[in-house]
Amino acid sequence: MEVALEEADLAVIHGDVPIGAVCVYENEVISRRHNEKELQRDPLAHAEYLAISDAIKALGTMYLSEVTLYSTLEPCPMCAGALVLARCDRLVFGAFDPKAGAASTLYNLCCDPRLNFEVEVTSGVLEQSCAEKLSTFFLKLRSS
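So the sequence shown is numbered by our numbering: it starts at 50 and just counts up by one.
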């Protein structure tokens, strides 16, 4: 999660919301990304989605079995859906997202038995650090 927090800091440099994501396979970081929606002018350029895509390329496979994705924020429906479609074994996230959380708060796409795959979810890891990063960003944004 510390690496994901480092990635989140990079997003702020180009005006993106500070969210970072890291994929780990066999105790090695295989991808690390941060939000790039503003940078790429692409609403799909979420940290988790980018990290998943890079991990798939790094492993040369379309499924991320034995991969854990760490994210500083609970994934949105798009990113939670991508985790399920990529068959990522595990998600670890920091802060809960009361407006768009799709791994426990509003929806639970990762653990829905009606889908063809379920992702193991661990929540609240370094939650305060992750939440403070977001709060600080939005406080500065509103004051400017």
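Positions of the beta carbon are idealized from the N, C-alpha and C atoms, including for glycine.
Query: For L183, name the three-state secondary structure that DSSP assigns.; Result: helix
Query: Check C125 in the structure and name its three-state DSSP category.; Result: coil
Query: Of the residues V116, V170, L88 and R90, which one's Cα is nearest the Cα of A100?; Result: V116
Query: Which of helix, strand or coil does DSSP assign to L164?; Result: coil
Query: Within 10 angstroms of the Cβ of G109, are there 16 or more other Cβ atoms? Answer buried if so, exposed if not.; Result: exposed
Query: Using a Cβ-Cβ distance cut-off of 9 Å, determine whether R82 contacts chain B.; Result: Absence of chain B from the displayed structure is noted, only one protein chain being present.
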